[in-house]
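Participant: Just so you know, the sequences run in chain order A and B. Under UniProt numbering, the first residue of the first sequence is numbered 1, with each subsequent residue one higher. Under UniProt numbering, the first residue of the second sequence is numbered 1, with each subsequent residue one higher. C-beta atoms are modelled at their ideal positions from N, C-alpha and C, and glycine is treated no differently. Supplied in structure tokens, the structure appears directly below.
Protein chains: 2
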Amino acid sequence: MQQAGARRRGRMERGDASRQLILATAERLFAERGVAAVSSRHISEAAGQRNSAAVGYHFGSRADLVRALLRTRSEPIERLREEMVDRLGPDPGLRDWVACLVRPSTDHLAELGDPTWFARFRAQVITDPALRELAMEDSARSASLRRVVEGLRGCVPDLPEAVYEERRAMEVQLLVHGCADRERALADGRPTPRATWHDAATGIVDALVGLWQAPVSA
Amino acid sequence: MQQAGARRRGRMERGDASRQLILATAERLFAERGVAAVSSRHISEAAGQRNSAAVGYHFGSRADLVRALLRTRSEPIERLREEMVDRLGPDPGLRDWVACLVRPSTDHLAELGDPTWFARFRAQVITDPALRELAMEDSARSASLRRVVEGLRGCVPDLPEAVYEERRAMEVQLLVHGCADRERALADGRPTPRATWHDAATGIVDALVGLWQAPVSA
Numbered sequence: 001m002q003q004a005g006a007r008r009r010g011r012m013e014r015g016d017a018s019r020q021l022i023l024a025t026a027e028r029l030f031a032e033r034g035v036a037a038v039s040s041r042h043i044s045e046a047a048g049q050r051n052s053a054a055v056g057y058h059f060g061s062r063a064d065l066v067r068a069l070l071r072t073r074s075e076p077i078e079r080l081r082e083e084m085v086d087r088l089g090p091d092p093g094l095r096d097w098v099a100c101l102v103r104p105s106t107d108h109l110a111e112l113g114d115p116t117w118f119a120r121f122r123a124q125v126i127t128d129p130a131l132r133e134l135a136m137e138d139s140a141r142s143a144s145l146r147r148v149v150e151g152l153r154g155c156v157p158d159l160p161e162a163v164y165e166e167r168r169a170m171e172v173q174l175l176v177h178g179c180a181d182r183e184r185a186l187a188d189g190r191p192t193p194r195a196t197w198h199d200a201a202t203g204i205v206d207a208l209v210g211l212w213q214a215p216v217s218a
Numbered sequence: 001m002q003q004a005g006a007r008r009r010g011r012m013e014r015g016d017a018s019r020q021l022i023l024a025t026a027e028r029l030f031a032e033r034g035v036a037a038v039s040s041r042h043i044s045e046a047a048g049q050r051n052s053a054a055v056g057y058h059f060g061s062r063a064d065l066v067r068a069l070l071r072t073r074s075e076p077i078e079r080l081r082e083e084m085v086d087r088l089g090p091d092p093g094l095r096d097w098v099a100c101l102v103r104p105s106t107d108h109l110a111e112l113g114d115p116t117w118f119a120r121f122r123a124q125v126i127t128d129p130a131l132r133e134l135a136m137e138d139s140a141r142s143a144s145l146r147r148v149v150e151g152l153r154g155c156v157p158d159l160p161e162a163v164y165e166e167r168r169a170m171e172v173q174l175l176v177h178g179c180a181d182r183e184r185a186l187a188d189g190r191p192t193p194r195a196t197w198h199d200a201a202t203g204i205v206d207a208l209v210g211l212w213q214a215p216v217s218a
């Protein structure tokens, strides 16, 4: 019985290692070549799996693989955001809430260390007609994000609802595509306007504060 | 000789009609399914071409097809921007230059009439690692865009060069992804924050003026 248990644990650990390897390989290939351009068979092979159907075996459908990949990143980002929200003072302002939106993503990219692939992968997911829904599902699960979005809304009470929605969408675009642009420049060895993810986040926060405070034309 | 000339003209006109049909079909399929997910054979067939290699015959490589598609749209946008720049008063301000950047794209989308596919196609092109270069090639050809970019730079003379570059990239992201988001919502029958492309442009211009004027943190 003990032996059977050890064998089962061994299989589970190998299974988990395969899953991790497939996720890391998929993220890299998706970022570098485009999500739609990379087949599941190619991912299995590039991850060194003997069975070319390994992606399907471990993850199910293609959408399930993308979901698992998003969750791998959104969980640590969620923890960083919870910590940041908990550290907010008694009367947070617009800039504080915007920072709680931006810095968890950039801090996570910084802690992953160079090179990263997540930012380019995520930019494709929010742009691709077939994958967009999965990104929305993923962010809908975040409790801390809901708190931040509510806090931010409270700082711009006079903004008409339609303009608020419009700028909220712009905020997501700037964050996601801004990170992807920077990651791409790092990968290509091109110069970046900012030396670190921390400084890049400062640039995004500055811009977003200006965007939220911009007067609304009639 | 006259007959041969007429036959040649007939062939050329049919060739031109095929090219136009292939371009329109490619743009639609790219927007709806993703550029990388649609094969040239599929485009040829969906465009009703008897020869499934018609895309290659008329356009050459895949990159050439994307180039031709970008040019189809950038030429009328360029004309709209030239007219707008010519109409500027003697001392244009930041808001005028930002409008010259935004409105030619949204005005062209408005004149194409609903439904459009260009905005979603262009968003993929600037995000996809393999296609990004083609979008940059395309905008590098625009003389009016250079004038607008210089005019705008003159309105924010104190912005450090790195922050200027950073916000310039944000401006492109907001314009391109903002248009794509709106086009996608229209295609899906979802509500949009603004009723028309003209009003959507006003929202983007407002936000961009705020972004350019935002103070820079140390």
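Quick check: what's the CA-CA separation for S52(A) versus G60(A)?
Facilitator: Each residue's alpha carbon lies about 14 Å from the other.
Participant: Please name the residues in the region 141-169 of chain B whose beta-carbon is closer than 8 Å to at least one beta-carbon of chain C, in chain order.
Facilitator: Among the chains of the structure shown, chain C does not appear; the protein chains present are A and B.
Participant: Could you check what DSSP says for residue 226(A) in three-state terms: helix, strand or coil?
Facilitator: Within the shown structure, residues of chain A are numbered from 1 to 218, placing residue 226(A) beyond reach of any answer.
Participant: Using 8 Å as the cut-off, can you tell me whether the region 199-212 of chain B makes contact with the region 178-188 of chain A, which would need three or more C-beta pairs spanning the two stretches below that distance?
Facilitator: Contact between the region 199-212 of chain B and the region 178-188 of chain A is absent, because fewer than three Cβ pairs lie under 8 Å.
Participant: Among the candidates A68(B), G48(B), R41(B), whose CA atom is the shortest distance from the CA of V55(B)?
Facilitator: Ranking the options by Cα distance to V55(B), first place goes to R41(B).
Participant: Please identify the residue among E75(A), R19(A), A36(A) whose C-alpha is closest to the C-alpha of A143(A).
Facilitator: Measuring from the Cα of A143(A), the nearest candidate turns out to be E75(A).
Participant: Report the residue from S217(A), Q3(A), E32(A) whose alpha carbon sits nearest the alpha carbon of D188(A).
Facilitator: Considering only alpha carbons, the answer is E32(A).
Participant: Does the beta carbon of H177(B) come closer than 9 Å to any beta carbon on chain A?
Facilitator: Yes, H177(B) lies at the interface with chain A (some Cβ there is under 9 Å from its Cβ).
Participant: Would you please state the rounded distance, in angstroms, between the beta carbons of A99(B) and H198(B)? I believe it to be under 8 Å.
Facilitator: About 11 Å separates the two Cβ atoms, so there is no contact after all.
Participant: Please list the terminal residues of the continuous alpha helix (DSSP H) segment that includes S40(A).
Facilitator: Run containing S40(A): 40-46, per the alpha helix (DSSP H) assignment.
Participant: Going by alpha carbons, who is nearest to L69(B) out of L101(B), L88(B), L21(B), T106(B)?
Facilitator: Nearest of L101(B), L88(B), L21(B), T106(B) to L69(B), Cα basis: L21(B).
Participant: Do you know how far the Cα of M84(B) is from the Cα of A201(A)?
Facilitator: Distance between the alpha carbons of A201(A) and M84(B): 35 Å.
Participant: Verify the CB distance criterion: does W212(A) have a CB-CB separation below 9 Å to chain B?
Facilitator: Yes, because at least one Cβ of chain B sits closer than 9 Å to the Cβ of W212(A).
Participant: Does DSSP put P76(B) in a helix, in a strand, or in coil?
Facilitator: In the structure shown, P76(B) sits in a helix (DSSP, three-state: H, G or I).
Participant: Select from R168(A), D16(A), D64(A) the residue whose C-alpha is nearest the C-alpha of L101(A).
Facilitator: The option with the nearest alpha carbon to L101(A) is R168(A).
Participant: Going straight from the alpha carbon of A185(A) to that of P191(A), what length do you get?
Facilitator: Roughly 7 Å separates the two Cα atoms.
Participant: Could you name the residues of chain A that D181(B) contacts, counting a contact when the two beta carbons are closer than 7 Å?
Facilitator: In chain order: A169.
Participant: I'd like the span of the alpha helix (DSSP H) that includes W212(B), first residue to last.
Facilitator: From DSSP, the alpha helix (DSSP H) with W212(B) extends over 197-213.
Participant: What number of angstroms, rounded off, separates the C-alpha of M136(B) from the C-alpha of G89(B)?
Facilitator: Rounded to the nearest angstrom, the two C-alpha atoms are 29 Å apart.
Participant: Grab the span of the alpha helix (DSSP H) containing A139(A) for me, first residue to last.
Facilitator: Ala is not the amino acid found at residue 139(A); the sequence shown has Ser there. Unbroken alpha helix (DSSP H) run through S139(A): 132-140.
Participant: Taking the alpha-carbon of A37(B) as reference, which of E166(A), E150(A), A130(A) has the nearest alpha-carbon?
Facilitator: It is A130(A).
Participant: State buried or exposed for E27(A), treating a residue as buried only when at least 16 other CB atoms are found within 10 Å of its CB.
Facilitator: By the 10 Å Cβ count, E27(A) comes out buried.
Participant: Can you list, in chain order, the residues of its chain with a C-beta nearer than 6 Å to that of V216(A)? Leave out the 5 residues immediately preceding and following it.
Facilitator: The answer, listed in chain order, is V163.
Participant: Give a yes or no on whether 9 Å exceeds the smallest Cβ distance from S217(A) to chain B.
Facilitator: Cβ-Cβ to chain B under 9 Å: yes for S217(A).
Participant: Contact criterion: CB-CB distance below 9 Å. Does G93(B) meet it with respect to chain A?
Facilitator: No, no contact with chain A.
Participant: Any C-beta of chain B within less than 9 Å: which residues of the region 107-141 of chain A qualify?
Facilitator: Hits within the stretch, in order: R120, A123, Q124, I126, T127, D128, P129, A130, L131, R132.
Participant: Please confirm whether D138(A) and R71(A) have their CB atoms less than 9 Å apart.
Facilitator: Cβ atoms of D138(A) and R71(A): closer than 9 Å.
Participant: Determine, using beta carbons only, whether G189(A) comes closer than 9 Å to chain B.
Facilitator: No, G189(A) lies away from the interface with chain B (no Cβ there is under 9 Å from its Cβ).
Participant: Hey, would you say V156(A) sits closer than 9 Å to W212(A), going by beta carbons?
Facilitator: Yes, they are a contact pair.
Participant: Could you tell me if T196(B) is buried or exposed, where buried requires 16 or more neighbouring beta carbons within 10 angstroms of its beta carbon?
Facilitator: So T196(B) ends up on the exposed side.
Participant: Taking 8 Å as the limit between beta carbons, can you name the residues of its chain near M170(A), skipping five residues before and five after?
Facilitator: The residues are L211.
Participant: Does any C-beta atom of chain B lie closer than 9 Å to the C-beta of I43(A)?
Facilitator: Output row for I43(A): interface = no.
Participant: Flag this pair as yes or no: are the beta carbons of F30(A) and Q173(A) separated by less than 9 Å?
Facilitator: Going by C-beta atoms, F30(A) is not nearer than 9 Å to Q173(A).
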